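Working notes for the structure below.
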Amino acid sequence: MTQRSTPYPDLILYNGKIRSLAPSGAVYESLACAGGRIVAVGKSDDIRKLSGPDTQQIDLKKRTAIPGLTDTHVHLAEKGTAEKELVDCRDFYTEVHSIPEILERLKKRASELPKGTWVVAHGSPMQDFRLKDKRFPNRNDLDRVLPDYPVSISFGAHITVGNSKALALAGITRDTPDPAGGAIRRDPQGGEPTGELHERAQLILRKVMPEFNYLQLKNGIVFALDQCLERGVTTIHDIVRSGEPVRAYQGLFREGKLHARVSLLPRVIESHIGSRSLIELGLATGFGNEWLRIGGVKMSIDGGITGRNACFYEPYEDDPSNCGIIRIPQDELNDTVLKCHQAGLRCCVHAIGDRAFDMALDAYETALQKLPRKDHRHRIEHMGNWLSTPERMERIVRSGIVAIPNISIGYYVGDAILDCLGERRMTKSFPFRTLLKNGVIIAGGSDAPGYWPVDPLRDIAACVSRKMRWGEVLVPEERISVAEAFAMHTTTAAFAGFEEAYKGTLEVGKLADIAVLAEDPFEIPGERIKDIKVDLTIVGGEVKYQA
Ligand SMILES: [Zn+2]
Numbered sequence: 330m331t332q333r334s335t336p337y338p339d340l341i342l343y344n345g346k347i348r349s350l351a352p353s354g355a356v357y358e359s360l361a362c363a364g365g366r367i368v369a370v371g372k373s374d375d376i377r378k379l380s381g382p383d384t385q386q387i388d389l390k391k392r393t394a395i396p397g398l399t400d401t402h403v404h405l406a407e408k409g410t411a412e413k414e415l416v417d418c419r420d421f422y423t424e425v426h427s428i429p430e431i432l433e434r435l436k437k438r439a440s441e442l443p444k445g446t447w448v449v450a451h452g453s454p455m456q457d458f459r460l461k462d463k464r465f466p467n468r469n470d471l472d473r474v475l476p477d478y479p480v481s482i483s484f485g486a487h488i489t490v491g492n493s494k495a496l497a498l499a500g501i502t503r504d505t506p507d508p509a510g511g512a513i514r515r516d517p518q519g520g521e522p523t524g525e526l527h528e529r530a531q532l533i534l535r536k537v538m539p540e541f542n543y544l545q546l547k548n549g550i551v552f553a554l555d556q557c558l559e560r561g562v563t564t565i566h567d568i569v570r571s572g573e574p575v576r577a578y579q580g581l582f583r584e585g586k587l588h589a590r591v592s593l594l595p596r597v598i599e600s601h602i603g604s605r606s607l608i609e610l611g612l613a614t615g616f617g618n619e620w621l622r623i624g625g626v627k628m629s630i631d632g633g634i635t636g637r638n639a640c641f642y643e644p645y646e647d648d649p650s651n652c653g654i655i656r657i658p659q660d661e662l663n664d665t666v667l668k669c670h671q672a673g674l675r676c677c678v679h680a681i682g683d684r685a686f687d688m689a690l691d692a693y694e695t696a697l698q699k700l701p702r703k704d705h706r707h708r709i710e711h712m713g714n715w716l717s718t719p720e721r722m723e724r725i726v727r728s729g730i731v732a733i734p735n736i737s738i739g740y741y742v743g744d745a746i747l748d749c750l751g752e753r754r755m756t757k758s759f760p761f762r763t764l765l766k767n768g769v770i771i772a773g774g775s776d777a778p779g780y781w782p783v784d785p786l787r788d789i790a791a792c793v794s795r796k797m798r799w800g801e802v803l804v805p806e807e808r809i810s811v812a813e814a815f816a817m818h819t820t821t822a823a824f825a826g827f828e829e830a831y832k833g834t835l836e837v838g839k840l841a842d843i844a845v846l847a848e849d850p851f852e853i854p855g856e857r858i859k860d861i862k863v864d865l866t867i868v869g870g871e872v873k874y875q876a
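Counting in our numbering, the sequence shown runs from 330 upward without gaps.
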């Protein structure tokens, strides 16, 4: 934090429409920031009188300012770095729409590398659904173009495909058993692995693949945080699964290059971070400072929906033998949740299928019975996307759990999910109106970047209009208001970060984290909110992005 040497504000915004997004609904013309916080709000003339010789003044020219936005569920360090380092085959970002086009890109990268070097690529989740070939590439496809390089390509977080060289390095053969919580896909005729690895089976390959180093991670984080700032995002909750990204974040903070605020959610279980590591160090939620802090721990009960590995009671519509994968048995889950709960570490449990929802609720209820505590703010990641039955809503409200739904998943791949879950399970998908009416606390998380960009304005537009990228208006009766959708990324998101005392609204005493928008989202059709340009992003009273 900058040391205050004068009694004057550092920055004044004036002649604007400053929407506080506080419950009062207050709108101001002007505000003043000092020492990273908002120190005064009011009429332009009154606030400008406070300025001193070094005060920077910005004329908003009637534009709208809102609190800086928060994305409560991202994989920023990991995916931001992947975006810089890996071969890009993602169809939401590139013109890759067939297996031959993927192979072309892999071949091009390999041509720049000595034989035997890893060629690592990433595609988009559920890309099999959209590729012309209507399937993922397999080891034979990859072998055909790159027999001399180990190749790995992931499609979302839950499926990775390796070629024969890669499988050989990892020691995966027809005799390798499926690991618990994972699956090695095999050729139905000969039983040979096809190269496609699901969930925990990916870890066998990952063990022999090169990891991103400290410098790559630092560059990747800066790159990805800049993209966040471009969309008015000033806080992210980042899921990390090893110490290296945490070191990279600390390095950036020390060097004054951490331009947005980061709440770390270290992943325990299926991670390089042991489930007891934070507890042993005595690190509880909130440790750190206003820029970089521990937000809690993350763990994943079931697989991902995009790999058809989320765990449901009933099988997938397009795969009647598959109900998904449970990655953490109930005993281990209950034990880990209880230990973290006792240690003051908020848990963020990923659950996508209905069987996983019930396991998460069971684990929280068991922990809360043993040690009742009101302000725990435990979360269920991805709950609120579908299958929010009255019974589940009642349980989640009774236990005071925060749900983190992801409209971005519906926006980008809702059509593919509809195909694999079926109409019935999707009838009430993303039922935000119903969730709010029943008192469920919901904050917005995008699961970006990598799959798609971090962009709460896009997600807010989808919540308000229900218009999805693939064309459909999804369950229009579950629309919520612009104010309610913004709350998911401002006030409620601040609550989900234990930071509502100093974040989420533009009021005196709060952090000066502000986004200046080219248009007023409250005065244009909901669908267009996603197209709003962010002109200026201010973090801690300093301009960190300018269009
Ligand atoms: Zn995630």
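We put the CB at the ideal spot given by N, CA and C, even for glycine. Small disclaimer: the values here were computed from a predicted structure and weren't measured.
The set of residues with CB atoms less than 7 Å from any heavy atom of ligand 1 reads, in chain order, His402, His404, Ala486, Ile568, His679, Glu710, Asp776.
Here Lys586 is exposed, its C-beta having fewer than 16 other C-beta atoms within 10 Å. Nearest to Pro782 by C-alpha distance, out of Ala553, Ala822, Ile533, Thr410, is Ala553.
DSSP, reduced to helix, strand and coil, places Lys346 within a strand of the structure shown. Nearest Cα to Asp477 within the set Phe465, Arg464, Asn492: Asn492. Here Ser728 is not near Thr763, since their CB atoms are 9 Å or more apart. Just so you know, the alpha carbons of Asp660 and Leu581 end up roughly 39 Å apart.
Judged by DSSP secondary structure, His527 falls within the beta strand (DSSP E) whose first and last residues are 522-528.
Contact between the stretch 818-836 and the stretch 849-858 is not established, with fewer than three Cβ pairs separated by less than 8 Å. In this structure, the alpha-carbon of Lys699 lies about 19 Å from that of Cys677. For Arg515, same chain residues with a beta-carbon under 8 Å away, outside a window of 5 residues either side, are Arg503, Glu521, Pro522, Thr523 in chain order. A straight-line Cα-Cα distance of about 47 Å links Met712 and Pro336. For the 9 Å CB-CB criterion, Arg560 and Pro734 do not form a contact. DSSP, read as helix, strand or coil, puts Val368 in strand. Leu846 is not a Cβ neighbour of Ala530, given a cutoff of 9 Å. In this chain, the beta strand (DSSP E) harbouring His451 covers 448-452. Across the set Gln518, His527, Ala499, Glu528, the C-alpha of Ala499 shows the shortest separation from the C-alpha of Pro539.
Taking a 10 Å sphere around the C-beta of Glu424, we find fewer than 16 other C-beta atoms and assign the residue as exposed.
Between the stretch 429-445 and the stretch 401-414, the count of Cβ pairs shorter than 8 Å is below three; the stretches do not touch. In the three-state reduction of the DSSP assignment, His402 falls in the strand class. When the beta-carbon positions are compared, His426 and Gly779 stay at least 9 Å from each other. For Glu358, the number of other beta carbons within 10 angstroms of its own is at least 16, and it is reported as buried. Non-local C-beta neighbours of Gln385 in its own chain, meaning closer than 7 Å and more than five positions away in sequence, comprise Asp339, Leu340, ordered along the chain.
Note that the stretch 412-421 touches the stretch 451-463; at least 3 beta-carbon pairs, one per stretch, sit closer than 8 Å. In the three-state reduction of the DSSP assignment, Asp784 falls in the coil class. Ranked by Cα distance from Ile568, the first of Phe458, Ala406, Ile431, Thr505 is Ala406.
Shown here for His404: same chain residues with a beta carbon closer than 8 Å to its own, the five before and five after excluded, namely Ala486, Asp567, Ile568, Asp776, Ala777, Pro778, Gly779 in chain order. Note that the C-beta distance between Ala589 and Gly673 is not below 9 Å. Contact between the stretch 678-693 and the stretch 792-810 is not established, with fewer than three Cβ pairs separated by less than 8 Å.
Shortest Cα-Cα distance from Ile533 to any of Asp555, Val562, Ala497, Leu558 involves Ala497. In its chain, beyond the 5 residues on either side, Val726 have a beta carbon closer than 7 Å to the beta carbon of Gly768. Under DSSP, Ser483 forms a beta bridge with His451, Thr489. The beta carbon of Asn344 is closer than 8 Å to those of Glu358, Ser359, Ser373, Asp388, Leu389, Lys390, Lys391 in its chain, skipping five residues each way along the sequence.
The beta-bridge partner set that DSSP reports for Met628 consists of Val678. Counting along the chain, the unbroken alpha helix (DSSP H) around Asp691 starts and ends at 683-699. Counting along the chain, Thr763 sits inside the alpha helix (DSSP H) bounded by residues 761-766.
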